[in-house]
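Trainee: Quick one: structure below, then a few questions.
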Amino acid sequence: MTKKILFPAILCCFTLAILAQTPQPVKRLLKMPYMKGASFSLVIQEVGSDKAKYAVSPDLSVIPASVMKTVTTATALELLGNDYRFATSLTYDGHIKDGVLHGNLYIEGSGDPTLGSRFVKDNNTEFLNDWLQGIKAAGIRSIEGSMIADERCFDTEGVSIKWVGEDLGSYFGAGSYGLSVFDNQYKVFVQTGAVGTKPVIKHSEPDMSGLRFHNYLVAGAVATDSSYTLGAPFAADRYLYGVVPANRPLYTMKGDIPDPPYFLADYFSRFLKGKGIQVGGQPSCFRLLEESQQSTSAKRVNLVTTYSPPVSEIVRITNEVSQNLYADALLKTIGHSYTPEAGEVISSFGKGIKRVKQFWDAKGIDTYPLWMFDGSGLSSSDKLSARFLADILLYMATDASSSQTFYNSLPRTGIEGSVRNFMKGYSLEGNIRLKSGSMSRVKGYAGYVDKDGKRYCVTLFVNNYSCDGKIMTYELDRLLRNLFE
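So, in C-alpha cells, the structure goes:
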C-alpha cells in the first residue's frame, strides 16, 4: 500500500495525540499577564510519526496572518507544478501597412505577479525593451489605434472584500489582477522640514501623474515613519497620513497602484512615444471597455511573449519575503483548475479557495477548520487550526511531488527573509525553516525543525495577546528554543 492510501489513517491516529501533556515552557508562557484572554495553539510532530510530540489546543480556530501563505504555496506547487510559468503576450489586431498599425495593440495577461517585479530582476523594466523590439521587428513605426490591457483571466475583485479599510491603498495591500506590473506598487518621495511642518511631495516612481495625492503628513522627531496611504481600487485619489522623520531631503513612502491593467497600458503607451512610436488612441483596459460596452476584435497576431520565473521560484519568494501579491495571484491561478460553469474562463479568490479545499479534502485532510478569504493571509477573517496546518506540512514532507521545493521555500531562521532575526544564534540555526505571520495581536509560525537526524513539523499561533508584538516575538523565540533543547 502507498503512503497516500495510509495518510487518512495517520490522521486518525494523530487525533489521539491531542492528549499529549502541556510542556512546561508553554505553561510558563500561558501564565504571563499579557496572555490573559489570549488564544494559544501548538502542534509539534515528527515527520513519519503518527503521534504528536506536543499538541496544545490543536483544534482552536486561529488567525494565521501570513502563515496562510503556506497553504496557498503548498497547493500551488501540487496543482500547478514546479515548472509552471505565467505568460504575458503583446498582440495586435487589424493590419500593418507602410509602418502603420491600423488596429490596436493588446497586452494579454495570465495573472503573472512578477512582471517588472523588484524581487525577480535587477532591471525590472527589461520586458519593456523586449516588447519594443517585438514591435520594431513587425515593422510597426506608429499605431493608429489604442494600447489595450486584456486582464480578463482574473475577475475585477483585486482586493478581498474581507480586507480591512486601513490596508486599502497600502503597498502590502496591492490588489491581484489579470495584469500586474512593478509589484503593483509605487514609491512617492517627500521632502521634510522642521518638526511640525508639512512635507512636500516631490515625485513618484513610476510616474503616477494620474493620481491625486492628498497630503496630510506631518514631520516629526521620529527615526522611522508611522505614515500610511489610504485609497480604494480604481480610484485616482490617495490620502497620505501620519508622521514622517523631519529634515530629510527625500523620504520614501510606498502605496498601491489602484488600477494596474490600465496603468500598464498607459505606461507602455508613454514608453513607446518616448521611443518615437506614436499611439493614436487613448489607453484602456477591458474593465473600462466593458463598462462602456465597447467591443474589440477577437482575431489577434502575437508579437512577443514574456514568461515569468517558474512557480518554484515564485513560491520561494512568496514565502521568504512574505509577498502578498504573489500569494493572491497564485490562489486565483489555482482557481483556473476548478471545474468551471459553462463558458466560464475567469478566475477569482472564490474559485481558488474552492479548489484549495477540494484538493486537500481529496488527500484525506478535512478542511472544515479552514476559513480562507485570500491567498496571502492579509484578512483577519482568515482562520485555520494548528492541526489542520500540521496535517498539510506532514503531507508536504512525505507524499508531495514537490516536497523538497516546498521545504526549500521556507526561510531559515536567523538567516533570511521574514525570520532573519528569529532564533538567531541558536544551536540549530540553519536547520529550522519557518514561515512567520504577524498582524495586530497575532503571531504565528509554521514549518520544519531538523534535529538529531529527525524532522519535525511545527505550527504555533498566538492571538489576542495584550503586550507589544516585539515582546511576543521574543517569547515565542524563547519557547521554541526550550521545546527543542
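Read in order, the letters of the sequence shown are residues -20 to -1, 1 to 465 in mature numbering (1 follows the signal peptide of the UniProt record, and there is no 0). C-beta atoms are modelled at their ideal positions from N, C-alpha and C, and glycine is treated no differently. Just so it is clear, the structure is predicted and the values come from calculations on it, not from any experiment.
So, using beta-carbon positions, are I120 and I76 closer together than 7 Å?
Mentor: Here residue 120 refers to the residue found at position 140 of the sequence shown. Here residue 76 refers to the residue found at position 96 of the sequence shown. Yes.
Trainee: Please state whether the Cβ-Cβ distance between S37 and S21 is less than 7 Å.
Mentor: Position 57 of the sequence shown, counted from the start, is the residue given in the question as residue 37. Position 41 of the sequence shown, counted from the start, is the residue given in the question as residue 21. Yes; because the gap between Cβ atoms is below 7 Å, this pair is in contact.
Trainee: List the residues that DSSP assigns as beta-bridge partners of A426.
Mentor: Mapped onto the sequence shown, residue 426 falls at position 446. Bridge partners of A426: K415 and T439.
Trainee: Within 10 angstroms of its Cβ, does V429 collect 16 or more other Cβ (buried), or is it exposed?
Mentor: What you label residue 429 is simply residue 449 of the sequence shown in a count that begins at 1. The residue in question, V429, is buried, as its Cβ has 16 or more Cβ neighbours within 10 Å.
Trainee: For N299, does the count of other Cβ atoms within 10 angstroms reach 16, so buried, or fall short, so exposed?
Mentor: To locate residue 299, count along the sequence shown from 1; it is residue 319. Its Cβ being crowded by 16 or more others within 10 Å, N299 is buried.
Trainee: Would you mind sorting S302 into buried or exposed? The rule is 16 or more other CB atoms within 10 Å of its CB.
Mentor: The sequence position of residue 302 within the sequence shown is 322, counting from 1. So S302 counts as buried.
Trainee: Would you mind reading off the limits of the alpha helix (DSSP H) that contains A54?
Mentor: One-based indexing of the sequence shown puts residue 54 at position 74. Here the alpha helix (DSSP H) through A54 covers M48 to L60.
Trainee: Decide if the stretch 84 to 95 is in contact with the stretch 147 to 166; the criterion is three or more beta carbon pairs, one per stretch, under 8 Å apart.
Mentor: Yes: the two stretches touch, three or more of their Cβ pairs being nearer than 8 Å.
Trainee: Given a cut-off of 7 Å, decide if A226 and A199 are closer than it, judged by their beta-carbon atoms.
Mentor: In the sequence shown, residue 199 corresponds to position 219, counting from 1. In the sequence shown, residue 226 corresponds to position 246, counting from 1. Yes, these two residues count as a Cβ contact at 7 Å.
Trainee: Roughly how many angstroms separate the alpha carbons of P289 and F66, rounded to a whole number?
Mentor: Locating residue 289 in the sequence shown gives position 309, counting from the first residue. Locating residue 66 in the sequence shown gives position 86, counting from the first residue. Cα-Cα distance, rounded: 8 Å.
Trainee: Does I372 pass the burial test, meaning 16 or more other C-beta atoms within 10 Å, or should it be called exposed?
Mentor: Translated into positions along the sequence shown, residue 372 becomes position 392. With 16 or more other Cβ atoms within 10 Å, it is buried.
Trainee: Might you give, ordered along the chain, the residues of its own chain that have their beta carbon closer than 6 Å to the beta carbon of M188, omitting 5 neighbours on each side?
Mentor: As a first step, residue 188 must be located in the sequence shown, where it is residue number 208. The answer, listed in chain order, is Y166.
Trainee: CB-CB under 6 Å to N401, same chain, minus the five flanking residues each way: which ones, in chain order?
Mentor: Taking the first residue of the sequence shown as 1, we reach residue 401 at position 421. Once the five neighbours on either side are set aside, N401 has no close Cβ partner at all.
Trainee: Between S420, D432 and G433, which lies nearest to D448 when the distance is taken from Cα to Cα?
Mentor: As a first step, residue 448 must be located in the sequence shown, where it is residue number 468. Measuring from the Cα of D448, the nearest candidate turns out to be S420.
Trainee: Enumerate in chain order the residues of its own chain whose CB-to-CB distance from V23 is below 6 Å, with the five nearest sequence positions on each side excluded.
Mentor: On the sequence shown, position 43 is the one that residue 23 refers to. Within the same chain, V23 has close Cβ partners A32, A35, P38, A366, R367, A370 and T439.
Trainee: Apart from the five residues on each side of it in sequence, which residues of its chain come closer than 8 Å, Cβ to Cβ, to A174?
Mentor: Locating residue 174 in the sequence shown gives position 194, where the first residue counts as 1. Once the five neighbours on either side are set aside, the close Cβ partners of A174 are A199, A226 and N227.
Trainee: Beta carbon of T52, beta carbon of G355: below 7 Å?
Mentor: Here the question's residue 52 lines up with position 72 in the sequence shown. Here the question's residue 355 lines up with position 375 in the sequence shown. Cβ atoms of T52 and G355: closer than 7 Å.
Trainee: Less than 7 Å separating the beta-carbons of G149 and T209?
Mentor: Here residue 149 corresponds to residue number 169 of the sequence shown, with the count starting at 1. Here residue 209 corresponds to residue number 229 of the sequence shown, with the count starting at 1. Cβ distance < 7 Å, so G149 and T209 count as in contact.
Trainee: Hey, G424 and P44: beta-carbon distance below 7 Å or not?
Mentor: Within the sequence shown, numbered from 1, the residue matching residue 424 stands at position 444. Within the sequence shown, numbered from 1, the residue matching residue 44 stands at position 64. Contact: yes.
Trainee: Is it a yes or a no for the stretch 334 to 351 touching the stretch 402 to 410, going by three-plus beta-carbon pairs under 8 Å?
Mentor: No contact exists between the stretch 334 to 351 and the stretch 402 to 410.
Trainee: With H, G and I counted as helix, E and B as strand and the rest as coil, what does DSSP make of G254?
Mentor: As a working mapping, residue 254 is identified with position 274 in the sequence shown. DSSP places G254 in helix when its eight states are reduced to three.
Trainee: Where G211 and D217 are concerned, what is the direct C-alpha to C-alpha distance, given to the nearest angstrom?
Mentor: In the sequence shown, counting from the first residue as 1, residue 211 sits at position 231. In the sequence shown, counting from the first residue as 1, residue 217 sits at position 237. About 6 Å.
Trainee: Would you check if the distance between the CB atom of T385 and the CB atom of L414 is smaller than 7 Å?
Mentor: Taking the first residue of the sequence shown as position 1, residue 385 is located at position 405. Taking the first residue of the sequence shown as position 1, residue 414 is located at position 434. No; because the gap between Cβ atoms is not below 7 Å, this pair is not in contact.
Trainee: Near M(-20), which residues of its chain fall below 7 Å by C-beta distance, leaving aside the five closest residues on each side in sequence?
Mentor: Stepping through the sequence shown from its first residue, residue -20 is reached at position 1. Residue confidence is low: M(-20) scores 36 on pLDDT, short of 50, so the model does not pin down where it sits. No coordinate-derived value is stated.
Trainee: With H, G and I counted as helix, E and B as strand and the rest as coil, what does DSSP make of D236?
Mentor: Position 256 of the sequence shown holds residue 236. Here D236 sits in strand by DSSP.
Trainee: Consult DSSP for T225 and reduce its assignment to one of helix, strand or coil.
Mentor: Here residue 225 corresponds to residue number 245 of the sequence shown, with the count starting at 1. For the record, residue 225 in the displayed sequence is Pro; it is not Thr. Here P225 sits in strand by DSSP.
Trainee: Counting beta carbon pairs with one atom in the stretch 264 to 277 and one in the stretch 231 to 244, are three or more of them shorter than 8 Å?
Mentor: They touch, by the three-pair rule.
Trainee: Return the Cβ separation of G260 and I123 in integer angstroms, given the expectation that the two are a contact with Cβ distance under 8 Å.
Mentor: Residue 260 sits at position 280 when you count from the first residue of the sequence shown. Residue 123 sits at position 143 when you count from the first residue of the sequence shown. Correct: roughly 6 Å between the Cβ atoms.
Trainee: For E455 and L9, which I take to be in contact (beta-carbon distance under 8 Å), what is that distance rounded to the nearest angstrom?
Mentor: If you number the sequence shown from 1, residue 455 lands on position 475. If you number the sequence shown from 1, residue 9 lands on position 29. Indeed they touch by this definition, with Cβ atoms about 6 Å apart.
Trainee: For A154 versus L305, is the C-beta distance shorter than 7 Å?
Mentor: Here residue 154 refers to the residue found at position 174 when the sequence shown is read from its first residue. Here residue 305 refers to the residue found at position 325 when the sequence shown is read from its first residue. It is a contact, given that the beta carbons lie within the stated cut-off.
Trainee: Between the C-alpha atoms of residue 476 and S69, what's the straight-line distance to the nearest angstrom?
Mentor: No information on residue 476 is available, as it lies outside the stretch -20 to 465 that the chain covers here.
Trainee: Work out the CA separation of L460 and T285 for me, nearest whole Å.
Mentor: Reading the sequence shown from its first residue, position 305 is the one you call residue 285. Reading the sequence shown from its first residue, position 480 is the one you call residue 460. Rounded to the nearest angstrom, the two C-alpha atoms are 47 Å apart.
Trainee: Between L197 and G222, which are expected to be in contact by the criterion C-beta below 8 Å, what is the C-beta distance as a whole number of angstroms?
Mentor: Indexing the sequence shown from 1 puts residue 197 at position 217. Indexing the sequence shown from 1 puts residue 222 at position 242. At roughly 6 Å, the Cβ-Cβ gap stays under 8 Å, so L197 and G222 are in contact.
Trainee: Determine the contact status of Y64 and V336, defining contact as a CB-CB distance below 7 Å.
Mentor: If you number the sequence shown from 1, residue 64 lands on position 84. If you number the sequence shown from 1, residue 336 lands on position 356. Not a contact, by the Cβ cut-off of 7 Å.
Trainee: Please classify A309: does DSSP put it in a helix, a strand, or coil?
Mentor: Locating residue 309 in the sequence shown gives position 329, where the first residue counts as 1. DSSP places A309 in helix when its eight states are reduced to three.
Trainee: Just curious, the beta strand (DSSP E) that S19 is in, first and last residue?
Mentor: Within the sequence shown, numbered from 1, the residue matching residue 19 stands at position 39. It spans S19 to E26 - the beta strand (DSSP E) in which S19 sits, taken as one unbroken run.
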